[in-house]
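Chemist: Okay, here's the structure, questions in a sec.
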Amino acid sequence: MKNNLTKLEWDSNFFAKNIGELHIIDDDLRNLELNDNQYELIIIKQKKDSDIKIEGFTETFKETKIVFSKKLCKENTESSHEIFDTDFLPQEDEYFFQLAYESGKYSRFLLDSKFGEAKFRDLYQLWVRNSLNKKFAIKTFFTKDKNLGATGFVTVQQSNATAKIGLIAIHPELQGQGIGKHLLKKAEIYCKENAMTEMDIPTQEQNAGACRFYQKMGYVVKERIILKHFWKK
1 MKNNLTKLEW DSNFFAKNIG ELHIIDDDLR NLELNDNQYE LIIIKQKKDS DIKIEGFTET
61 FKETKIVFSK KLCKENTESS HEIFDTDFLP QEDEYFFQLA YESGKYSRFL LDSKFGEAKF
121 RDLYQLWVRN SLNKKFAIKT FFTKDKNLGA TGFVTVQQSN ATAKIGLIAI HPELQGQGIG
181 KHLLKKAEIY CKENAMTEMD IPTQEQNAGA CRFYQKMGYV VKERIILKHF WKK
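When we follow UniProt numbering, the leftmost residue of the sequence shown carries the number 1, and every step to the right adds one.
See the structure below:
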């Protein structure tokens with residue numbers, strides 16, 4: 001079967017680099033010879049982890065992306081925790097930046113040093129802005145403290161009847177206190193009340209704490225994808 005290499009236009013524009021993506025369909029493939037040398041970075045996606053070599057490129061990073069999923073059922077009670085909605089209590093973008101960085105601490109854009117931490121921060125700042133202005137998300141819920149500011153937040157995206165969590169994070173000093181559970185439950189209730197029947201949450205297998213949390217909340221693995229970064233030598 002043919003393995004198609006396509007250009008990632010948004011990524012290429014944002015990072016000012018020619019970035020391509022290749023979905024490996026033939027898992028027996030070991031060596032790739034690409035005649036098109038325009039790409040500075042090629043992102044490989046595989047269902048199974050097989051050894052890949054691309055002439056003229058070096059593998060710098062590998063992760064396993066997991067998508068957790070849950071069928072949404074009617075909830076009888078709202079969370080007892082006080083949760084705010086940016087539609088009714090607007091906040092400046094900067095209010096959520098530190099939480100956004102926390103949500104991305106296992107991100108490949110941070111862990112692959114070829115991108116650089118400054119560009120990672122730019123990316124997550126843009127993600128916050130486009131969540132609050134509704135380009136990326138339909139809803140943002142958050143918790144706050146008068147001294148710490150934003151203590152947790154979650155952004156919700158929608159594709160027809162399927163909801164997806166975009167960003168979710170809790171202040172490092174308050175993790176393990178149930179804030180994440182209350183935020184996720186609030187998001188689930190909102191989605192169910194607005195005709196969404198399923199919730200997807202992407203994360204990294206390497207983020208063991210997040211994986212345990214989602215499983216505890218009733219989520220199961222829907223998809224597992226191996227991602228690899230190959231940078232041009």
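Virtual Cβ for every residue (Gly too), placed ideally from N, Cα, C. No experiment lies behind these values; they were computed from the predicted model shown.
Buried or exposed, going by whether 16 or more other CB atoms sit within 10 Å of the CB of residue 283?
Modeler: Missing from the structure shown is residue 283; the chain here goes from 1 to 233 and no further.
Chemist: Starting from the C-beta of lysine 7, find all residues in its chain whose C-beta is less than 6 Å away, skip the five residues before and the five after it, and write them out in chain order.
Modeler: Here the set comprises Gly20.
Chemist: Going by beta carbon distance, what residues of the same chain come within less than 8 Å of glutamate 40, once the five residues before and after it are set aside?
Modeler: For glutamate 40, where only same-chain residues beyond five positions count, the Cβ hits under 8 Å are Lys17, Asn18, Ile19, Trp231, Lys232.
Chemist: Identify, in the order they occur along the chain, each residue of the same chain with its Cβ nearer than 7 Å to the Cβ of phenylalanine 57, setting aside the five sequence neighbours on each side.
Modeler: These residues qualify, in order along the chain: Ile42, Phe230, Trp231, Lys232, Lys233.
Chemist: Taking isoleucine 24 as the reference, give the member of Asn37, Asp51, Phe14, Phe97 with the closest Cα.
Modeler: Residue Asp51 is the option with its Cα nearest to isoleucine 24.
Chemist: By the DSSP assignment, the alpha helix (DSSP H) with aspartate 122 in it spans what residues?
Modeler: First-last of the alpha helix (DSSP H) with aspartate 122: 117 to 132.
Chemist: What do you get for serine 131, buried or exposed, if any count of 16 or more other CB atoms within 10 angstroms of its CB means buried?
Modeler: Per the 10 Å Cβ criterion, buried.
Chemist: Within 8 Å of any Cβ in chain D, is that where the Cβ of asparagine 194 sits?
Modeler: Within the model displayed, chain D is absent; a lone protein chain is all it includes.
Chemist: CA-CA distance, methionine 217 and lysine 139?
Modeler: Roughly 20 Å between the two C-alpha positions.
Chemist: May I ask you to report which of helix, strand or coil DSSP gives histidine 171?
Modeler: Note: histidine 171 maps to coil in three-state DSSP.
Chemist: Quick check: what's the CA-CA separation for valine 156 versus threonine 60?
Modeler: Each residue's alpha carbon lies about 31 Å from the other.
Chemist: Using C-beta distances below 6 Å, list every residue in its chain close to glycine 180, excluding the 5 sequence neighbours before and after it, in chain order.
Modeler: Only Ile170 meet the Cβ criterion.
Chemist: Please confirm whether valine 128 and phenylalanine 97 have their CB atoms less than 8 Å apart.
Modeler: Yes. Within cutoff.
Chemist: Quick test of your reading: tyrosine 124 and alanine 150, contact by CB under 8 Å. State the CB separation rounded to the nearest angstrom.
Modeler: At roughly 14 Å, the Cβ-Cβ gap does not stay under 8 Å, so tyrosine 124 and alanine 150 are not in contact.
Chemist: Give a yes or no on whether the C-beta atoms belonging to glutamine 204 and isoleucine 44 are separated by under 8 Å.
Modeler: Result no, Cβ atoms of glutamine 204 and isoleucine 44 do not sit closer than 8 Å.
Chemist: To test your reading of the DSSP string, which unbroken beta strand (DSSP E) runs of 3 or more residues are found completely within the stretch 18 to 97?
Modeler: You should have 19 to 23, 41 to 46, 57 to 71.
Chemist: Counting only the same chain and skipping the five closest in sequence on each side, list residues whose C-beta sits under 8 Å from that of tyrosine 190.
Modeler: Within the same chain, tyrosine 190 has close Cβ partners Lys139, Phe141, Val156.
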